[in-house]
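Chains as they are written, first to last, in my numbering: chain A, 1 to 145; chain B, 1001 to 1188.
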């Protein structure tokens, strides 16, 4: 803008520019009170947020501590309590019994069975008789070894 | 307390420092608000809101330019926001800015604060806002157009009309002869 000026006066622009400092005037206390209330509100909001953050952090730390403690207790008692608590429900089912006969036993049974079959028949005696060893066929003079 | 200490303590939300900074700049900034906003209480509300933004954003002040200039920009922006909310700044008359401008040499040298405010208050909001931004804040028309969401020509028109109106008001108020001289249209 071309400012024009002569000795008689000044431009409207410069008139306002140069006199503008006269407008400087402190506002009433109301303005500061209003500002201070807003700043207090903000500070309180920050404090509440900070407290919430601390509470959240403390809760998390407590939770982690509790989980650690439970795990440690479960391990030391030999009972994986947490794992057991998480295990699926089960039911018992009968398992059919299976007898496994090993070959040597079968062979032994078969051998015994054959032995009994070939053994001399023992006659049942009378009530007035008793079993005594049969006299040997070896000569009496020959000593028994 | 140096300005740097004041800023540093304000960043730590030290209330005493905030009060000190407020006391240092409030008179100047309140005069800015008063030039834009007619109602005293509204100007105070805008000032409080602007200083609230100053204190909550003071971390962004990097020391480039004066602190007063930085605070002043926030105050002007806040005043413009208030005007945008409460006044139809866009509904402005547009004239041909190439027209010859009858302006503006006056024999008046001094104006009292009350007279300045009375003169400005008699201008329509659009005229007053553009006059303030161009003459007293040093904005360019392009910047005013961006700030108020109006065209550059509208900004130029509003300034011409504001000056004409002020000239008439000065004459009417009995400030002696007002020499009507032609001036170049605004070119900044």
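Note that the Cβ used here is the ideal one computed from N, Cα and C, for glycine as well. What you are looking at is a predicted structure, and each value in this text was computed from that prediction instead of being measured.
Where does residue i land, buried or exposed, given buried means 16+ other C-beta within 10 angstroms?
| i | result |
| --- | --- |
| residue 1141 of chain B | buried |
| residue 1078 of chain B | buried |
| residue 54 of chain A | exposed |
| residue 65 of chain A | exposed |
| residue 1046 of chain B | buried |
| residue 1011 of chain B | exposed |
| residue 44 of chain A | exposed |
| residue 1022 of chain B | buried |
| residue 27 of chain A | buried |
| residue 18 of chain A | exposed |
| residue 1100 of chain B | Note that residue 1100 of chain B scores 47 on pLDDT, short of 50, meaning its location in the model is unreliable; the coordinates nonetheless yield the value given after this. Looking at its Cβ environment, which holds fewer than 16 other Cβ atoms inside 10 Å, residue 1100 of chain B is exposed. |
| residue 48 of chain A | exposed |
| residue 76 of chain A | exposed |
| residue 20 of chain A | buried |
| residue 1018 of chain B | buried |
| residue 1085 of chain B | exposed |
| residue 118 of chain A | exposed |
Does DSSP put residue i in a helix, in a strand, or in coil?
| i | result |
| --- | --- |
| residue 118 of chain A | helix |
| residue 10 of chain A | strand |
| residue 135 of chain A | coil |
| residue 1003 of chain B | helix |
| residue 109 of chain A | helix |
| residue 129 of chain A | coil |
| residue 41 of chain A | helix |
| residue 1149 of chain B | coil |
| residue 95 of chain A | coil |
| residue 61 of chain A | helix |
| residue 27 of chain A | coil |
| residue 1079 of chain B | helix |
| residue 90 of chain A | coil |
| residue 1169 of chain B | helix |
| residue 1116 of chain B | helix |
| residue 1046 of chain B | helix |
| residue 1063 of chain B | coil |
| residue 1086 of chain B | helix |
| residue 124 of chain A | coil |
| residue 1135 of chain B | helix |
| residue 1100 of chain B | Confidence at residue 1100 of chain B is low in this model, with a pLDDT of 47, below 50, so its placement is unreliable and no value can be given for it. |
| residue 1021 of chain B | helix |
| residue 1174 of chain B | coil |
Whose Cβ in chain B lies nearer than 9 Å to the Cβ of residue i?
| i | result |
| --- | --- |
| residue 59 of chain A | Within chain B, no residue comes near residue 59 of chain A; the closest Cβ sits about 28 Å away, beyond 9 Å. |
Please state if the CB of residue j and the CB of residue i are separated by a distance shorter than 9 Å.
| i | j | result |
| --- | --- | --- |
| residue 1116 of chain B | residue 23 of chain A | yes |
| residue 1026 of chain B | residue 1036 of chain B | no |
| residue 1152 of chain B | residue 1162 of chain B | no |
| residue 1072 of chain B | residue 1032 of chain B | yes |
| residue 15 of chain A | residue 1111 of chain B | yes |
| residue 1087 of chain B | residue 1056 of chain B | no |
| residue 1041 of chain B | residue 30 of chain A | yes |
| residue 39 of chain A | residue 1052 of chain B | yes |
| residue 1048 of chain B | residue 1074 of chain B | no |
| residue 1143 of chain B | residue 1133 of chain B | yes |
| residue 1129 of chain B | residue 1166 of chain B | no |
| residue 1120 of chain B | residue 12 of chain A | no |
| residue 1006 of chain B | residue 1080 of chain B | no |
| residue 36 of chain A | residue 1034 of chain B | no |
| residue 1028 of chain B | residue 1003 of chain B | no |
Taking residue i as the query, report the chain B residues whose CB atoms sit under 7 Å from its CB, ordered along the chain.
| i | result |
| --- | --- |
| residue 53 of chain A | None at all; the shortest Cβ gap to chain B is about 18 Å. |
| residue 71 of chain A | Correct list: empty, because the minimum Cβ distance to chain B is about 44 Å. |
Residues of chain A with a CB under 9 Å from the CB of residue i: which are they?
| i | result |
| --- | --- |
| residue 1062 of chain B | What residue 1062 of chain B touches in chain A: nothing, since even the nearest Cβ is about 23 Å away. |
| residue 1173 of chain B | Within chain A, no residue comes near residue 1173 of chain B; the closest Cβ sits about 13 Å away, beyond 9 Å. |
What residues of chain A sit near residue i, judged by a beta carbon separation below 7 Å?
| i | result |
| --- | --- |
| residue 1012 of chain B | In chain order: nothing, as chain A lies at least about 12 Å away. |
| residue 1122 of chain B | Residues of chain A passing the Cβ test: none, with the nearest at roughly 13 Å. |
| residue 1110 of chain B | 19 |
| residue 1135 of chain B | 13, 16, 17 |
At a CB-CB cut-off below 8 Å, which residues of chain A make contact with residue i?
| i | result |
| --- | --- |
| residue 1022 of chain B | 32, 35 |
| residue 1167 of chain B | 12 |
For a contact meaning CB atoms closer than 8 Å, what does residue i contact in chain B?
| i | result |
| --- | --- |
| residue 39 of chain A | 1013, 1015, 1018, 1052, 1055 |
Heavy atom of the ligand PLP less than 8 Å from the Cβ of residue i, yes or no?
| i | result |
| --- | --- |
| residue 1164 of chain B | Among the components of this structure there are no ligands whatsoever, and the ligand PLP is therefore not found. |
Taking CB distances under 9 Å as the criterion, tell me whether residue i reaches chain E.
| i | result |
| --- | --- |
| residue 45 of chain A | Absence of chain E from the displayed structure is noted, the protein chains being A and B. |
Residues of the region 12-26 of chain A with Cβ closer than 7 Å to any Cβ of chain B, in chain order: 12, 13, 15, 16, 17, 19, 20, 22, 23, 24, 25, 26
Chain A contacts from the region 1137-1163 of chain B (Cβ-Cβ distance under 7 Å): 1163
Near-chain A residues of the region 1051-1078 of chain B - C-beta to any C-beta below 9 Å: Sequence-ordered contacts of the region 1051-1078 of chain B with chain A read 1051, 1052, 1055, 1056 [C-beta pairs closer than 9 Å].
The region 1026-1044 of chain B: positions lying closer than 9 Å to chain A by Cβ: 1026, 1027, 1028, 1029, 1030, 1031, 1032, 1033, 1034, 1035, 1040, 1041, 1043, 1044
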